[in-house]
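**Q** Everything in the first sequence is counted per the numbering used here, starting at 167 for the first residue and increasing by one.
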Amino acid sequence: MTVQTAIPEGFEPLGRHSLPDGTTELARFLMGKLVVRALPAGLAAGRIVETEAYLTGDAASHAFRGMTARNRVMFGPKGHAYVYLIYGMYFALNVSGAAEGAGEAVLIRAAEPVLGAGAMARYRGEVPERDLMRGPGRLAMALDIDRSLDGTDLCAAGPLWLAGGGGEPQEIGVSTRIGISRDAHRPLRFFAKGSRYVSGPASLNR
DNA sequence: AACATGATGATCT
DNA sequence: GATCATCATGTTC
């Protein structure tokens, strides 16, 4: 009989077949799902409350000028982690979304801590619980995510994966994306209306 | 609540 | 050499 770390009910990895085709659909689908991380101190998880889609032909996308060493995961099979360094100090977690061969991904911008907030504080410091995962850089810090997790299969129990979540359905708002200049008008950001755990200016979150 | 600024380094032109 | 899919801290309203 195999002994294995127990995964609590509801935190089991999503099957890849359950991920919708289409990266914009994936960005909507991931709202309310869980990001789960196996940390030395135990499992940590957050309920996703904010995502952004980066699509083919999208000048704001890292894949706009084709595949490079950095963005290669965006061109691989869906449901894998694309992790990159931004502004020289922070990491950001994306989920690859396109059919194999095209380069698309969903940026996970913010989440509501649901498990292991104490473990997250080890990497985030003494900040309000609300701010643990509010923003892509903060979320990556809270879950100790860096480039070593680039390419991780998010549909399998490992260091990092996606789970079903559940809980109350969220009302989803749509807005322009944050922090970009090219193709900035496109309505490709999704957020949980009324959630305190969403990042960005209040004016975008209505 | 809104805005300004500095930190800091890989990546690509 | 310019450009960032950001954050923390500061100032001003």
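Beta carbons are placed, not taken as given, at the ideal position from N, Cα and C, and that holds for glycine. Model, not experiment: these values are computed from the prediction.
1. Which whole runs of the alpha helix (DSSP H) in the region 175-235 are 4 residues long or more, in chain order?
2. Exposed or buried, what is P206 when buried is set at 16 or more other beta-carbons lying within 10 Å of its beta-carbon?
3. Going residue by residue through the region 270-358, where are the continuous beta strand (DSSP E) segments of at least 3 residues, counting only ones entirely within it?
4. Taking Cβ positions, are A378 and A210 nearer each other than 9 Å?
5. Excluding sequence positions up to five away, which residues of its chain have a Cβ less than 7 Å from the Cβ of A306?
6. Confirm, please, whether the CB-CB distance from D187 to A265 is below 9 Å.
7. Can you tell me where the beta strand (DSSP E) with N260 in it begins and where it stops?
8. Counting only the same chain and skipping the five closest in sequence on each side, list residues whose C-beta sits under 8 Å from that of A350.
9. Decide if P294 is buried, meaning its Cβ has at least 16 other Cβ atoms within 10 Å, or exposed.
10. Assuming M299 contacts G212 under a Cβ cut-off of 8 Å, what Cβ separation, rounded to an integer in Å, is found between them?
11. Decide if K359 is buried, meaning its Cβ has at least 16 other Cβ atoms within 10 Å, or exposed.
12. Just reading off the beta strand (DSSP E) that I173 is part of, what are its end residues?
13. If I measure Cβ to Cβ from S365 and keep anything under 7 Å in the same chain, skipping five residues before and after, which residues do I get?
14. Taking the beta carbon of A172 as the centre, do at least 16 other beta carbons fall within 10 Å, making it buried, or is it exposed?
**A** Well, looking at it:
1. If we require 4 residues or more, the alpha helix (DSSP H) runs fully inside the region 175-235 come out as 189-195.
2. Result: exposed.
3. With a minimum length of 3 residues, the continuous beta strand (DSSP E) runs that stay inside the region 270-358 are 271-281, 326-329, 338-341 and 355-358.
4. Nothing about residue 378 can be read from this structure; the chain reaches only from 167 to 372.
5. If the five residues before and after A306 are omitted, its C-beta is found closer than 7 Å to the C-beta atoms of Y256, F257, A258 and L259, all from its own chain and listed in chain order.
6. Yes. Within cutoff.
7. First-last of the beta strand (DSSP E) with N260: Y256 to S262.
8. Within the same chain, A350 has close Cβ partners A226, T342 and R343.
9. By the neighbour-count criterion, in which a residue is buried when 16 or more other Cβ atoms sit within 10 angstroms of its Cβ, P294 is exposed.
10. By a beta-carbon distance limit of 8 Å, M299 contacts G212. Their separation comes to about 5 Å.
11. The residue is exposed, with fewer than 16 neighbouring Cβ atoms inside 10 Å.
12. Neither: I173 is in no beta strand (DSSP E) and is coded neither H nor E.
13. Correct list, in chain order: E216, R275, A276, R300 and G301.
14. Under this definition A172 is an exposed residue.
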